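Going by the numbering used here, the first residue of the sequence shown is number 189, and it counts up by one from there.
Don't be surprised by glycine CBs; every beta carbon is placed ideally from N, CA and C.
Note that this is a predicted model, so its numbers are computed, not measured.
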Amino acid sequence: MQLDFNIIRIILVSCLIVILLGPLVIPFLKRLKVGQSIREEGPKSHIVTKSGTPTMGGIIIMLGIIIST
């Protein structure tokens, strides 16, 4: 029973950390220009809509898990 509570607590704390860190980390990644590279052969709409989309969002999730454990 105690183990279940600890797991739920860790999940909730990591989700809260991700929610709080997301708005801080995403602009930082945009400043670093860590964006998705778009191929020229693809649809032209992707160049406009996907250009510069940060692709390192998994870092936020990993930070949330590491900090909460």
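Residue burial classification, residue i (beta-carbon count within 10 angstroms, cutoff 16)
i, result
"Gly210", "exposed"
"Ser233", "exposed"
"Ile255", "exposed"
Whole-angstrom distance between residue j and residue i, CA atom to CA atom
i, j, result
"Lys221", "Met189", "46 Å"
"Lys238", "Gln224", "7 Å"
"Lys218", "Phe193", "37 Å"
"Gln216", "Ile235", "Residue 216 is actually Phe in this sequence, not Gln. Each residue's alpha carbon lies about 22 Å from the other."
Residue span of the alpha helix (DSSP H) that contains residue i, given as start and end
i, result
"Ile248", "246 to 256"
"Glu204", "In the sequence as presented, Glu is not what sits at residue 204; that position holds Leu. Note, Leu204: alpha helix (DSSP H), 190 to 219."
Nearest-angstrom beta carbon gap, residue j and residue i [assumed within contact, 8 Å]
i, j, result
"Val206", "Ile247", "With a Cβ gap of about 10 Å, Val206 and Ile247 do not count as contacting."
Next on the checklist: Can you confirm whether the stretch 189 to 199 touches the stretch 213 to 230 when touching is taken to mean that 3 or more C-beta pairs between the two stretches lie within less than 8 Å?
Outcome noted: no
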